[in-house]
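Worksheet for the structure shown next.
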Ligand SMILES: Cc1cc2nc3c(=O)[nH]c(=O)nc-3n(C[C@H](O)[C@H](O)[C@H](O)COP(=O)(O)OP(=O)(O)OC[C@H]3O[C@@H](n4cnc5c(N)ncnc54)[C@H](O)[C@@H]3O)c2cc1C
């Protein structure tokens, strides 16, 4: 199945699943009809609940689901869907109260009936979960703590919503109907068990060992692990893996990093890691010999996924790492297609891997254009940001179809995206990778 077909297939499955409660509730015995707005609001509640349950499957890193889109897009979708789902769940009581203001008392979280209380608490839990996600960075909530809280609150909210439905017993008084609804949620929640228990148990059989840690420029480290008694990990250049350090693969702490080594060496895997926070700040001091686990490969950002006559790579800061893997792999394969690499960073001293890139220039048909925000005085290269002007000067209009791959901070992705649009590059030839998943 090609990626567009696969993408469309999963979208249709998604729509069928979230709309399925509406069909099930209409089959067989149905309760007496109520006014339109009451039925409408109940329908929104059912769809909103299934949407929130499906969120668990979206983030479980199932490769068949993520492959057509890439995990960054799936997570973006997860956030947008969450907003829609909470909107639907909120609309459910609001419409009921607008239709019949006498029901206002049911919105009291400590008053009303048991059914309404369970519904209220489910809704408030979903809202708390969304607020914590939205303001996580602003309130400095630790990423790992947020992740555990996020999963816990979601679980509690879904269970409370089912209690509300069961106690309301309208449309679900027939046991099989509520069974179907619970079944959908249980299948989705099983994704959490898969991600947090089954997957780590499988990783336990494939440990790695930290073999080498080398300082690069720009607060970046080349971090190498080797496979311990197994064949390692086959990946496509540009993909990434979640890295866990220590003896237990069940640890909550794991961080995504792009491979920077050649895909032709699956047993010796290298990552380029920039010091940024708690985990990456200590990466240079990890003892050699430490056990590591890798959940991967993941991602749909790779030159191997689309045929092309040449490439244009755009790297911003540590966004250079997937391109190191692509360039190393293409060089090892003896690839002779033309490549232009635009590499933007703050200063020359912040620019990592310059020696390795100089070596790669000798092995490939590669042109490197460094773009420095704060160039040294004697700099005669490009300065500022990678924008339409830089592309105009260095990207020949030679009539070959290049694949354009862009990885860097969000403003850079926007600027390059706009410049490529101006050059009328077809969208199918452009791929982005975002390092800021959450
Ligand atoms: C697909 C992908 C590929 C990446 N590749 C690289 C790479 O090759 N080299 C590199 O240096 N960095 C890469 N990153 C970024 C890297 O994962 C984060 O810089 C790192 O996780 C920050 O952790 P910290 O504890 O040091 O920083 P913190 O200060 O704790 O976190 C800084 C921010 O990083 C994000 N973050 C923290 N922990 C995680 C996590 N476990 N998962 C996802 N995001 C997290 C959060 O938004 C957080 O606010 C990549 C990210 C993604 C999503």
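In the numbering used here, the protein residues as written are -17 to 420.
Glycine included, every Cβ here is placed at the ideal spot set by N, Cα and C.
For residue 331 and residue 253, the rounded distance between their alpha carbons: The residue labelled residue 253 in the question sits at position 271 within the chain shown. The residue labelled residue 331 in the question sits at position 349 within the chain shown. Whole-angstrom Cα-Cα distance: 20 Å.
Per-residue burial, residue 8 [other beta carbons within 10 Å of its own, 16 or more giving buried]: As a working note, residue 8 is residue 26 in the chain shown. Burial call: exposed.
Top-ranked residue by Cα proximity to residue 213, from 246, 260, 46 and 163: Residue 213 sits at position 231 when you count from the first residue of the chain shown. When each option's Cα is compared against that of residue 213, the closest is 246.
Heavy atom of ligand 1 within 7 Å of residue 59 beta-carbon: As a first step, residue 59 is located in the chain shown; it is residue number 77 there, counting from the start. No, since every heavy atom of ligand 1 falls outside the 7 Å radius drawn around the Cβ of residue 59.
Top-ranked residue by Cα proximity to residue 129, from 69, -10, 235 and -3: Numbered from 1 along the chain shown, position 147 holds the residue referred to as residue 129. The option with the nearest alpha carbon to residue 129 is 235.
Cβ-Cβ distance between residue 283 and residue 403 below 8 Å: Residue numbering aside, residue 283 sits at position 301 when the chain shown is read from its first letter. Residue numbering aside, residue 403 sits at position 421 when the chain shown is read from its first letter. The answer is no: Cβ separation not under 8 Å.
Proximity below 8 Å, CB of residue 243 to CB of residue 251: Counting from 1 along the chain shown, the entry for residue 243 is found at position 261. Counting from 1 along the chain shown, the entry for residue 251 is found at position 269. Closer than 8 Å, so yes.
Selected residue, minimal CA-CA separation from residue 136, among 35, 151, 198 and 405: The count along the chain shown starts at 1 and reaches residue 136 at position 154. Checking every option, the nearest Cα to that of residue 136 belongs to 35.
Element boundaries [beta strand (DSSP E), containing residue 109]: Against the chain shown, residue 109 aligns to sequence position 127. Run containing residue 109: none in the beta strand (DSSP E); it sits in the alpha helix (DSSP H), 96 to 117.
Any non-hydrogen atom of ligand 1 within 7 Å of residue 261 CB: Residue 261 sits at position 279 when you count from the first residue of the chain shown. Yes - ligand 1 has a heavy atom lying nearer than 7 Å to the Cβ of residue 261.
Opening and closing residue of the beta strand (DSSP E) in which residue 208 lies: Here residue 208 corresponds to residue number 226 of the chain shown, with the count starting at 1. From DSSP, the beta strand (DSSP E) with residue 208 extends over 202 to 209.
Runs of beta strand (DSSP E) wholly within the region 184 to 252 (minimum 3 residues, chain order): 190 to 197, 202 to 209, 222 to 227 and 237 to 240
Cα-Cα separation, residue 311 to residue 52: Reading the chain shown from its first residue, position 329 is the one you call residue 311. Reading the chain shown from its first residue, position 70 is the one you call residue 52. Cα to Cα, residue 311 sits roughly 21 Å from residue 52.
Whole-angstrom C-beta distance between residue 170 and residue 38, which should lie under 8 Å: Here residue 38 is taken as the residue at index 56 of the chain shown, counted from 1. Here residue 170 is taken as the residue at index 188 of the chain shown, counted from 1. About 4 Å; that satisfies the 8 Å criterion.
Endpoints, the alpha helix (DSSP H) within which residue 162 is located: For the purposes of this step, residue 162 is identified with residue 180 of the chain shown, where counting begins at 1. Segment 157 to 175, the alpha helix (DSSP H) holding residue 162.
Unbroken alpha helix (DSSP H) run spanning residue 311, endpoints: Within the chain shown, numbered from 1, the residue matching residue 311 stands at position 329. Its alpha helix (DSSP H) spans residues 303 to 314.
Test item: CB-CB of residue 205 and residue 302 under 8 Å: Looking up residue 205 in the chain shown gives position 223. Looking up residue 302 in the chain shown gives position 320. Not a contact, by the Cβ cut-off of 8 Å.
Proximal residues to residue 105 (C-beta, below 6 Å), its chain only, five neighbours per side dropped: As a position in the chain shown, residue 105 is number 123, starting the count at 1. Within the same chain, residue 105 has close Cβ partners 71.
Delimiting residues of the beta strand (DSSP E) encompassing residue 326: By one-based count along the chain shown, residue 326 stands at place 344. Here the beta strand (DSSP E) through residue 326 covers 321 to 327.
According to DSSP, residues forming a beta bridge with residue 295: Counted from its first residue, the chain shown places residue 295 at position 313. Paired residue(s): 323 and 387.
Nearest neighbour of residue 69, chosen from 112, 93, 91 and 100 [CA to CA]: The residue given as residue 69 occupies position 87 in the chain shown. For residue 69, the nearest C-alpha among the options comes from 112.
Stretch-stretch touch, CB-based, cutoff 8 Å, three pairs: the region 267 to 274 with the region 358 to 367: no
Any non-hydrogen atom of ligand 1 closer than 7 Å to residue 273 Cβ: Numbered from its first residue, the chain shown carries residue 273 at position 291. Not under cutoff, so the answer is no.
Helix, strand or coil at residue 254 [DSSP, three-state]: Mapped onto the chain shown, residue 254 falls at position 272. Of the three classes helix, strand and coil, the one that applies to residue 254 here is strand, per DSSP.
Backbone CA spacing between residue 84 and residue 63 [nearest angstrom]: Stepping through the chain shown from its first residue, residue 84 is reached at position 102. Stepping through the chain shown from its first residue, residue 63 is reached at position 81. If you take the alpha carbons of residue 84 and residue 63, they lie about 31 Å apart.
Beta-carbon proximity list for residue 30, same chain, < 6 Å, skipping 5 on both sides: As a first step, residue 30 is located in the chain shown; it is residue number 48 there, counting from the start. Around residue 30: 67, 70 and 71.
Short Cβ contact (8 Å threshold) for residue 43 with residue 177: Taking the first residue of the chain shown as position 1, residue 43 is located at position 61. Taking the first residue of the chain shown as position 1, residue 177 is located at position 195. Yes, Cβ-Cβ distance for residue 43 and residue 177 is below 8 Å.
DSSP-derived helix/strand/coil call for residue 284: In the chain shown, the residue the question calls residue 284 occupies position 302. Looking at residue 284 - three-state DSSP - the assignment turns out to be coil, as it is neither helix nor strand.
Nearest candidate by alpha-carbon position, reference residue 386, set 296, 356, 262 and 201: Residue 386 sits at position 404 when you count from the first residue of the chain shown. Of 296, 356, 262 and 201, the residue nearest in Cα terms is 296.
Residue span of the alpha helix (DSSP H) that contains residue 36, given as start and end: Sequence index remark: in the chain shown, residue 36 carries index 54 (1-based). Unbroken alpha helix (DSSP H) run through residue 36: 18 to 40.
Residue nearest to residue -7 in terms of C-alpha spacing, selected from 379, 143, 47 and 27: The residue given as residue -7 occupies position 11 in the chain shown. Selected option, being the one with the closest Cα: 47.
Closer than 7 Å: residue 230 CB and nearest ligand 1 heavy atom: In the chain shown, counting from the first residue as 1, residue 230 sits at position 248. No, since every heavy atom of ligand 1 falls outside the 7 Å radius drawn around the Cβ of residue 230.
7 Å CB neighbourhood of residue 339 in its chain, flanking five on each side removed: By one-based count along the chain shown, residue 339 stands at place 357. Once the five neighbours on either side are set aside, the close Cβ partners of residue 339 are 350.
Secondary structure of residue 72, DSSP reduced to three states: Within the chain shown, numbered from 1, the residue matching residue 72 stands at position 90. It is helical.
Three-state class that DSSP yields for residue 415 in the structure shown: The residue given as residue 415 occupies position 433 in the chain shown. Residue 415 falls in the strand class under three-state DSSP.
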